[in-house]
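**Student:**
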Amino acid sequence: MSRNSWVRLQTGKQQAGEYLFTLSDGSENMRVNLVEAVDPNTELYVNRAKCKMSLVSRLVGARGKMTPVSPSEDQVFVDPTTWVAVDGLGRKVADASNTGEVRKDKFVGIFYHTWHASHSRNVTLNANTVVSQYPEALHDYKHAAWKGVGICFWDEPIWGYYNNGIDRFVLRSQAELLADAGVDVVIFDNTNGTENYIDAVLELCEVFAEARADGVQTPKISAMLNMFDYQADAVQLREFYDVIYSKGLYEDLWFYWDGKPLMVGSPTGLDAKDEKDRIIAEFFTYRPINPCYTEDYRQIVENGKVTVSWVPEQKVLQNHTMWKWISVYPQQKMYRVDDKEKSKPEEMCVCIAENWSDAKGLTAMSSGLPGLYGRAYSVKNGGLDPREDAILYGANFAEQFEYAISCDPSFIYITGWNEWVAGRYEEMWGTTNALPDNALPGYSRDIEPSTGVLKDHYYYQMVSYIRRFKGVNRQQSASAPTSVDLTKGTAQWENVTPVYESYPNNTFPRDADGYAGYHYTNTTGRNDIVSAKVTYDADYVYFMVQTKDALTSKEDSAWMRLLIGITGSRAAAWEGYHFIVNRTSPAQKTSLERSIGGWNWEKVCDVDYSVQDNMLQIAIPRSALGVTGEEFSLFFKWSDNMQTDGDIMDFYNNGDVAPEGRFSYLFTVDPATADTANQGTSKDTTEAKTENSTATEQRSDAETTVQDNKYGCGSVAGGGVAMAIAATGTAVFLKRRKRKE
């Protein structure tokens, strides 16, 4: 090839399938152009997401070669519906034992805020901290404790006062948590003016696309536009169409409804005489928002009389199916405009809390008025949950979700995920020093975990309700018993199922600015856990875990801990886990310990283990775990590099954990199915072979602690993008790739 020449890619006959053409390992820049698609049999992926355009470029460089086509490779999505969990309040999260099979026609969206990309330029305060220290400041706009700050957080998010317009660590963490919960679409809050925060949307799309390539079934995207000004909607629609949709960017992330990408807004502000506006009007499925909290459209009440009402435009009501984003209980059921009989609701909203009171209608969350619909408020029960810690239990959320499930709409819109902030006003709706939308933990509407008193309680409450609404897959039972030789490699595990998958490539460091004055770093990512297996024989339960790269030294702190809980056991536990392995760094052997209450442990026995490159194997006597019968069930998780022992919230920030957060993998031995257990993972997923799987036995110079192949208790106590846009192509290869959702 000569410099600046055109390159034509031609191949001989190949098997049917998808092939990936990549340019990599470049040292200079490559100029590319996006043009209208030129070949119906070729797809372009930008940042790992499909794009409808074609890429045109001249090669800047003189070297390149074609390597053989690689073996086919399956893209799989991890199935979190098979995971089990108990939340911090002791509530068991719904699973296959108490919910139905997956219902393909049910969808969940959640209100998501990209606006931190803009607001983070401001100095902020934690309103909960201010009011806790200075209670008199709650209704005093000029109190010195506010320092004149106009935007306040209701509490601190688990990832700090972040800017999700640039913080890829936060975006990846959100992608995983929302995927684990079963959320199908994030609906951006673009309801203020004409701002779309488009750069933050693009950053989110890039990170979500990368996560999907790693097996994370991330939510897709949509946007909720201005609720009151449809001319503003038109401005927003044009920007979304021009920047993303017209170019086919991140098409894998578009959320479709009625066969078109969904926009939660109205097209009536578009100019019917303008050709591009006509295209935009036909491109999306539109669902304008009815913003009224009640069915009778009352907004503000004074002295028992409605003084402000708001009714959507008649032409919008007549021509468009409308949706709700917020409502008081019982929430209004939203029907398709062509469903004249109102036979089945299309959409309903479910809210954490509402800035509403019966006495005044719209009411600032900071008002402190009796009857304010906060987290602990129940309309059916006529007031607040009387428990001292009632805000932890989510009576409002539960009441609304129970009602929505009973109505069985096609789509549930949850408000919300990560709003976090509210403007502070001298007066609004009769409240002095008003924080209208979010004020304090009990009077806020976010589900995203916090560092404060709410922790992750609402997250698992949401997971449980989504599972009840959408259904789950049942975890496959254990395959036939297999004795494991710890001196041998992966071949002996080849037929062991199920495979417990974990998301790879999520241990990258964090280094990003947050709100003004905050900067966040985290370098605790170390061993990137990718998969695990469990098997058993008459005497032992064997655990195996693999990481993306070779394991670090076993002398590292908090190294590759295994937490185990026994299903149905009422023994003392830490966050539901009865046993831990590797709490302290292992030596020739490692220790199995049991909880004597919380993060307090006593030794049960020494156990054998081996480390071979990226694989750790452990053999634990069944008698030590108390699982000696023909049938038993346990749950487990792996954790690496925990920073604060005994604080389960540490799992959201530090090291790596599999599975995420409080979730655990479930291992069940059922003799009736053990000999005929299906090979592969659970329903709707495809097993992906790990890098180190082989067809023959492997032996290595692995560090092992096995003596005479007997694993007894030593002592027992009682009892890349398709084309690298910024890189010169110097190595070219084809990869055959199958994709499955």
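Mapped onto this note's numbering, the consecutive letters of the sequence shown carry residue numbers 295 to 1035. Yeah, the Cβ is synthetic: ideal placement off N, Cα and C, and Gly gets one too. Nothing here was measured: the structure is a model prediction, and the numbers come from that model.
Which partner residues of residue 815 appear in the DSSP bridge assignment?
**Tutor:** Your numbering for residue 815 matches position 521 in the sequence shown. DSSP, once it has assigned bridges, lists 805 as partnering residue 815.
**Student:** Let's see if you can read the secondary structure: which residues bound the alpha helix (DSSP H) around residue 574?
**Tutor:** Residue mapping note: residue 574 aligns to position 280 of the sequence shown, counting from 1. Looking at the DSSP string, the run of the alpha helix (DSSP H) that includes residue 574 is 569-577.
**Student:** With distances taken from CA atoms, which of 729, 912, 484, 919 is nearest residue 865?
**Tutor:** Taking the sequence shown and counting its residues from 1, the one referred to as residue 865 is at position 571. It is 919 whose Cα lies nearest to the Cα of residue 865.
**Student:** For residue 1026, does the three-state DSSP call read helix, strand or coil?
**Tutor:** As a position in the sequence shown, residue 1026 is number 732, starting the count at 1. With a pLDDT of 32 at residue 1026, under the threshold of 50, the modelled position of that residue is not reliable, and the figure given next carries that caveat. Strand at residue 1026.
**Student:** Whole-angstrom Cβ separation of residue 508 and residue 799, contact assumed at under 8 Å?
**Tutor:** The residue labelled residue 508 in the question sits at position 214 within the sequence shown. The residue labelled residue 799 in the question sits at position 505 within the sequence shown. Right, the Cβ-Cβ distance comes to about 5 Å (below 8 Å), so this counts as a contact.
**Student:** Which of the three DSSP states, helix, strand or coil, is assigned to residue 728?
**Tutor:** For this step, residue 728 is matched to residue 434 along the sequence shown. Residue 728 falls in the strand class under three-state DSSP.
**Student:** Out of curiosity, what's the CA-to-CA distance linking residue 404 and residue 488?
**Tutor:** In the sequence shown, residue 404 corresponds to position 110, counting from 1. In the sequence shown, residue 488 corresponds to position 194, counting from 1. So the two alpha carbons sit approximately 21 Å from each other.
**Student:** If residue 610 and residue 560 are in contact, beta carbons under 8 Å, what's the gap, nearest whole angstrom?
**Tutor:** As a first step, residue 610 must be located in the sequence shown, where it is residue number 316. As a first step, residue 560 must be located in the sequence shown, where it is residue number 266. Indeed they touch by this definition, with Cβ atoms about 6 Å apart.
**Student:** Can you look up residue 409 in the DSSP assignment and give me helix, strand or coil?
**Tutor:** Numbered from its first residue, the sequence shown carries residue 409 at position 115. Reduced to three states, the DSSP call for residue 409 is coil.
**Student:** Determine, using beta-carbon pairs with one atom in the segment 498-506 and one in the segment 338-347, whether at least three such pairs fall under 8 Å.
**Tutor:** Yes: at least three Cβ pairs fall under 8 Å.
**Student:** Under the assumption that residue 905 contacts residue 933 (Cβ atoms under 8 Å), give the Cβ distance between them as a whole number of angstroms.
**Tutor:** Along the sequence shown, one-based indexing puts residue 905 at 611. Along the sequence shown, one-based indexing puts residue 933 at 639. About 17 Å separates the two Cβ atoms, so there is no contact after all.
**Student:** Verify whether the separation of the beta carbon atoms of residue 619 and residue 518 is less than 8 Å.
**Tutor:** By one-based count along the sequence shown, residue 619 stands at place 325. By one-based count along the sequence shown, residue 518 stands at place 224. Cβ distance < 8 Å, so residue 619 and residue 518 count as in contact.
**Student:** In chain order, what residues of the same chain lie with their CB nearer than 6 Å to the CB of residue 652, ignoring the 5 residues before and after it?
**Tutor:** Taking the first residue of the sequence shown as position 1, residue 652 is located at position 358. Within the same chain, residue 652 has close Cβ partners 665.
**Student:** I need the DSSP call for residue 1016, collapsed to helix, strand or coil.
**Tutor:** Start at 1 with the first residue of the sequence shown, and residue 1016 comes out as number 722. Interpretation of residue 1016 is limited by its pLDDT of 33, a score under 50 that renders its predicted location unreliable; no figure is taken from the coordinates.
**Student:** Pick helix, strand or coil for residue 503, following the three-state DSSP scheme.
**Tutor:** Mapped onto the sequence shown, residue 503 falls at position 209. In this structure, residue 503 counts as helix in the three-state DSSP scheme.
**Student:** What separation, rounded to the nearest whole angstrom, lies between the Cα atoms of residue 461 and residue 805?
**Tutor:** Residue numbering aside, residue 461 sits at position 167 when the sequence shown is read from its first letter. Residue numbering aside, residue 805 sits at position 511 when the sequence shown is read from its first letter. Rounded to whole angstroms, residue 461 to residue 805 spans 8 Å at the Cα level.
**Student:** According to the Cβ coordinates, are residue 913 and residue 836 closer than 8 Å?
**Tutor:** Walking along the sequence shown from the start, residue 913 turns up at place 619. Walking along the sequence shown from the start, residue 836 turns up at place 542. Their beta carbons are under 8 Å apart, which means residue 913 touches residue 836 by this criterion.
**Student:** Could you tell me which residues DSSP pairs with residue 564 in its beta bridges?
**Tutor:** As a position in the sequence shown, residue 564 is number 270, starting the count at 1. Bridge partners of residue 564: none, in fact.
**Student:** In whole angstroms, give me the CA-to-CA distance for residue 955 and residue 525.
**Tutor:** Walking along the sequence shown from the start, residue 955 turns up at place 661. Walking along the sequence shown from the start, residue 525 turns up at place 231. Roughly 43 Å between the two C-alpha positions.
**Student:** Distance, Cα to Cα, residue 464 vs residue 477?
**Tutor:** Start at 1 with the first residue of the sequence shown, and residue 464 comes out as number 170. Start at 1 with the first residue of the sequence shown, and residue 477 comes out as number 183. Roughly 17 Å separates the two Cα atoms.
**Student:** Per DSSP, which one or two residues make a beta bridge with residue 609?
**Tutor:** As a working mapping, residue 609 is identified with position 315 in the sequence shown. Looking at the DSSP assignment, residue 609 forms no beta bridge with any residue, so it has no partner.
**Student:** How long is the line joining the alpha carbons of residue 427 and residue 756, rounded to whole angstroms?
**Tutor:** On the sequence shown, position 133 is the one that residue 427 refers to. On the sequence shown, position 462 is the one that residue 756 refers to. Going from the Cα of residue 427 to the Cα of residue 756 covers about 31 Å.
**Student:** Please report how far the alpha carbon of residue 855 lies from the alpha carbon of residue 472, in whole angstroms.
**Tutor:** Along the sequence shown, one-based indexing puts residue 855 at 561. Along the sequence shown, one-based indexing puts residue 472 at 178. If you take the alpha carbons of residue 855 and residue 472, they lie about 25 Å apart.
**Student:** Name the DSSP bridge partner or partners of residue 372?
**Tutor:** Here residue 372 corresponds to residue number 78 of the sequence shown, with the count starting at 1. None; residue 372 has no bridge partner.
**Student:** Nearest to residue 644 by alpha carbon, out of 440, 752, 407?
**Tutor:** On the sequence shown, residue 644 is found 350 positions in, with the first residue counted as 1. Checked all of 440, 752, 407; the closest Cα to residue 644 is 752.
**Student:** Can you tell me whether residue 531 is buried or exposed? The criterion is at least 16 other CB atoms within 10 Å of its CB, across all chains shown.
**Tutor:** Here residue 531 corresponds to residue number 237 of the sequence shown, with the count starting at 1. Counting Cβ neighbours within 10 Å, residue 531 comes out buried, since at least 16 surround it.
**Student:** Can you tell me whether residue 339 is helix, strand or coil according to DSSP?
**Tutor:** Here residue 339 refers to the residue found at position 45 when the sequence shown is read from its first residue. DSSP places residue 339 in strand when its eight states are reduced to three.
**Student:** Pick helix, strand or coil for residue 309, following the three-state DSSP scheme.
**Tutor:** Taking the sequence shown and counting its residues from 1, the one referred to as residue 309 is at position 15. DSSP places residue 309 in coil when its eight states are reduced to three.
**Student:** Can you list, in chain order, the residues of its chain whose CB lies under 6 Å from that of residue 924, leaving out five sequence neighbours each side?
**Tutor:** Residue mapping note: residue 924 aligns to position 630 of the sequence shown, counting from 1. 965, listed in sequence order.
**Student:** With the cut-off set at 8 Å, would you say residue 658 and residue 729 are in Cβ contact?
**Tutor:** Position 364 of the sequence shown holds residue 658. Position 435 of the sequence shown holds residue 729. Cβ distance < 8 Å, so residue 658 and residue 729 count as in contact.
**Student:** Starting from the C-beta of residue 310, find all residues in its chain whose C-beta is less than 6 Å away, skip the five residues before and the five after it, and write them out in chain order.
**Tutor:** For the purposes of this step, residue 310 is identified with residue 16 of the sequence shown, where counting begins at 1. Closer than 6 Å at Cβ, skipping near neighbours: no residue.
**Student:** Run through the segment 828-896 for me and flag every whole alpha helix (DSSP H) of 4 or more residues, listed as ranges in chain order.
**Tutor:** With a minimum length of 4 residues, no continuous alpha helix (DSSP H) run stays inside the segment 828-896.
**Student:** How is residue 942 classed by DSSP in three states: helix, strand or coil?
**Tutor:** Locating residue 942 in the sequence shown gives position 648, where the first residue counts as 1. Correct three-state label for residue 942: helix.
**Student:** Measure the alpha-carbon distance for residue 982 versus residue 514 and round it to whole angstroms.
**Tutor:** If you number the sequence shown from 1, residue 982 lands on position 688. If you number the sequence shown from 1, residue 514 lands on position 220. For residue 982, the predicted model reports a pLDDT of 32, less than 50, meaning its position is unreliable; a value from the coordinates is still stated below. Those two C-alpha atoms are separated by around 23 Å.
**Student:** Please tell me whether residue 623 and residue 697 are closer than 8 Å, where the distance is taken between their beta carbons.
**Tutor:** Here residue 623 refers to the residue found at position 329 of the sequence shown. Here residue 697 refers to the residue found at position 403 of the sequence shown. Yes, the Cβ-Cβ distance between residue 623 and residue 697 is below 8 Å.
**Student:** Once DSSP output is grouped into helix, strand and coil, what is the label at residue 420?
**Tutor:** Residue numbering aside, residue 420 sits at position 126 when the sequence shown is read from its first letter. Residue 420 falls in the strand class under three-state DSSP.
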